[in-house]
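With my numbering as the guide, the letters of the sequence shown map in order to residues 603 to 1007.
Where is the CB? At the ideal position from N, CA and C, for every residue including glycine.
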Amino acid sequence: MTETLAATAALQERWDAVMMRNYGTPTLALAHGAGCRVWDVEGRDYLDLVAGIAVSALGHAHPAIVEAVTSQVRRLAHTSNLYIHADAVRLAERLVAALDVPGARVFLCNDGATANEAAVKVALRAHPDRRHFVAAEKSFHGRTLGALALTGKAAIREPFAPFGVDVTFVPYGDADALREAVTPTTAAVFLEPTLGEAGVVPPPDGYLAAARTACDNTGALLVLDEVQGGIGRTGAWFAHQHAGVAPDVVTVAKGLGGGLPIGACLATGAAADALQKGDHGSTFGGNPISCAAALAVLDVIEQDQLLQHVREVGQQWAGALAAVDGPLVTDVRGRGFWLALVVEEGSAGAIETAAREAGFLVNAVAPDAIRLAPPLTLSSAEADTFTAALPTILDAATRAVSVGS
Ligand SMILES: *Cc1c(COP(=O)(O)O)cnc(C)c1O
603 MTETLAATAA
613 LQERWDAVMM
623 RNYGTPTLAL
633 AHGAGCRVWD
643 VEGRDYLDLV
653 AGIAVSALGH
663 AHPAIVEAVT
673 SQVRRLAHTS
683 NLYIHADAVR
693 LAERLVAALD
703 VPGARVFLCN
713 DGATANEAAV
723 KVALRAHPDR
733 RHFVAAEKSF
743 HGRTLGALAL
753 TGKAAIREPF
763 APFGVDVTFV
773 PYGDADALRE
783 AVTPTTAAVF
793 LEPTLGEAGV
803 VPPPDGYLAA
813 ARTACDNTGA
823 LLVLDEVQGG
833 IGRTGAWFAH
843 QHAGVAPDVV
853 TVAKGLGGGL
863 PIGACLATGA
873 AADALQKGDH
883 GSTFGGNPIS
893 CAAALAVLDV
903 IEQDQLLQHV
913 REVGQQWAGA
923 LAAVDGPLVT
933 DVRGRGFWLA
943 LVVEEGSAGA
953 IETAAREAGF
963 LVNAVAPDAI
973 RLAPPLTLSS
983 AEADTFTAAL
993 PTILDAATRA
1003 VSVGS
């Protein structure tokens, strides 16, 4: 067990008293961060290989984000959607350029779930006579009701059913099953380019292309949920760009604002014009502060050549992790800075705890997977410190697992 010290225990007690019980009580309370390091309320520091679930793309307190946000909050914090502000337009232009599809249009929102809600409405407007969707088993698209309807984890979806849309779930990665499920009544196919919350599980080669073909055959929209994988996480602006597949709709959020809340739904072709005046909206979506942060993220990714950095360091790191000689780890999967150590079933929690005690934040995303989704700014030397510490972490976790069983 991680030793729980006084400041953490006091916060946990207050949390338990006032917070809804939808999260378990977290065992770590963070106070501040700088670069790829964070400090807890006891003053202990960690190398952050989680980045707030693939969010803090430039690490913590990056000067470009600090400057962009503070100067914007001094000028104008909020406009609502009644007025234009230049950064929202600039951000939409940048996102369309990164998608590299002329004529694409953008809806700015607040987070991943609301980006997917917008995508659902785009699909329903593009196909007013269709109410059927296809999505993947084990997928995650968010907690609001539209996004939840498409989420392939029955345990979190079913208590809130029914949803008013008809969804067929197919095993992720099985192109035949997908082809069979898509019919002329299907409005859209929703897929993650790699399953994120299910443990960073990439599909077999050709899967996204097969989904594209199935959609083309029936007119269904291909919606790719890049909320976790987009904005450089895999070493491309969008994860689907590695597969050379052109989606009709793409959603992004997590890494976009570098820690400030923002999401976006991008639509191309006819889907770009599916939403008409009055069809959708958000009071806070694309607010000036979040847009300023997002523009700073995109600028730094470009100026510091972080896409190339993530591709190169990610590949070396995955190779080095796979070569680590230690118990429990059976495989390494993923791409760029979106990796998972595949570990013996049930050992992930003990590995996360042992890593924390050794000064590293990692995420036991599944009982058999440790997710690594660090800031895109993680240096190769920082990545190496984790690789070097891993055998000791695994030994400690092995002892904990055998004591526990
Ligand atoms: C995190 C996530 C979401 C939901 O994003 P929120 O900002 O938590 O609403 C949706 N889709 C994917 C793939 C995600 O990883």
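Query raised in the report: Given H882, which residues of its chain have a CB within under 7 angstroms of its CB, disregarding the five upstream and five downstream residues?
Result: Here the set comprises F709, A720 and K723.
Checking contacts by CB at 7 angstroms: is P786 closer than that to chain D?
As a matter of chain content, chain D is missing from the structure shown, which is built from one protein chain.
Practice prompt. Round the Cβ separation of D933 and V944 to the nearest angstrom and send it over; I've been treating them as touching at under 8 angstroms.
Written response: 4 angstroms
Inset, instruction - Sort out for me which residues DSSP pairs D933 with in a bridge. - result: According to DSSP, which records beta bridges pairwise, D933 is partnered with V944.
Is it buried or exposed, I995, if we count other Cβ atoms within 10 angstroms and call 16 or more buried? Counting of Cβ neighbours within 10 angstroms places I995 among the buried residues, the total reaching 16 or more.
#### Entry: Where L684 falls, given that 16 or more other Cβ within 10 Å makes a residue buried
exposed
At a cut-off of 6 angstroms, would you count Q830 as near ligand 1, judging by its Cβ distance to the nearest heavy atom? yes
Going along the chain, which residues of its own chain have a beta-carbon closer than 6 angstroms to the beta-carbon of G801, five neighbours each way excluded? Once the five neighbours on either side are set aside, the close Cβ partners of G801 are A942, V967, A968 and A971.
Mind listing, in chain order, the continuous alpha helix (DSSP H) runs of no fewer than 4 residues lying wholly within the segment 627-709?
-> 653-656, 665-677 and 688-701
| Under three-state DSSP, which class holds A789? | A789: strand per DSSP, three-state reduction.
Across the segment 699-713 and the segment 776-795, are there enough close Cβ pairs to call them in contact, namely three or more that are closer than 8 angstroms? When Cβ pairs closer than 8 angstroms are counted between the two stretches, the segment 699-713 is seen not to touch the segment 776-795, the count staying below three.
Exercise. Check each candidate in A812, G871 and L992 and name the one with the smallest Cα separation from A922.
Key: A check of alpha carbon separations from A922 across A812, G871 and L992 identifies L992 as the nearest.
### Task
Give the single residue among V736, L930 and P976 whose Cα lies nearest to the Cα of V825.
V736
| query | Just how far apart, CA to CA, sit R727 and G821? | reply | Here the alpha carbon of R727 sits roughly 13 angstroms from the alpha carbon of G821.
| message | If you reduce the DSSP assignment to three classes, tell me which class L862 lands in. | response | strand
So, for A1008: in the same chain, excluding its five sequence neighbours on each side, which residues have a beta-carbon less than 6 angstroms away from its beta-carbon? With the chain running from 603 to 1007 in the structure shown, residue 1008 is simply not present.
* Spatial neighbours of A717 within its chain, please: CB distance less than 7 angstroms, with the 5 preceding and 5 following residues excluded, ordered by chain position. => C711, V829, T853, V854, A855, G865, A866 and C867
- Query: If P976 sits next to D650, beta carbons under 8 angstroms apart, how far is it from one beta carbon to the other, in whole angstroms?
  - Reply: Correct: roughly 7 angstroms between the Cβ atoms.
Find the nearest neighbour of D916 within the set G888, A952 and S981, judged by alpha-carbon distance. Reading off the sequence shown, one finds Gly at residue 916, where the question assumed Asp. The shortest Cα separation from G916 among G888, A952 and S981 belongs to S981.
Coil, strand or helix - K818 by DSSP: This sequence places Asp at residue 818; Lys is not what is there. Residue state, collapsed to three classes: helix.
### Query
Under three-state DSSP, which class holds A966?
Of the three classes helix, strand and coil, the one that applies to A966 here is strand, per DSSP.
- Closer than 6 angstroms by C-beta to R733: which residues in its own chain qualify, once you throw out the five before and the five after it? Chain order, please. V767 and D768
(message) Does the distance between the C-beta of E719 and the nearest non-hydrogen atom of ligand 1 fall short of 6 angstroms?
(response) Result no, Cβ not under 6 angstroms from ligand 1.
On a Cα-Cα basis, can you pick out the residue from P628, D776 and L780 that is closest to P805? D776
Secondary structure at L992, three-state DSSP: helix, strand or coil?
-> helix
Is the beta carbon of V902 less than 7 angstroms from the beta carbon of S949? no
Would you kindly report the start and end of the unbroken beta strand (DSSP E) that includes L974? A971 to L974
### Task
In angstroms with no decimal places, state the Cα-to-Cα distance between P665 and A636.
The alpha-carbon of P665 is positioned some 10 angstroms away from that of A636.
### Query
What separation, rounded to the nearest whole angstrom, lies between the Cα atoms of S741 and T753?
Cα to Cα, S741 sits roughly 5 angstroms from T753.
Whole-angstrom C-beta distance between L963 and V652, which should lie under 8 angstroms: 5 angstroms
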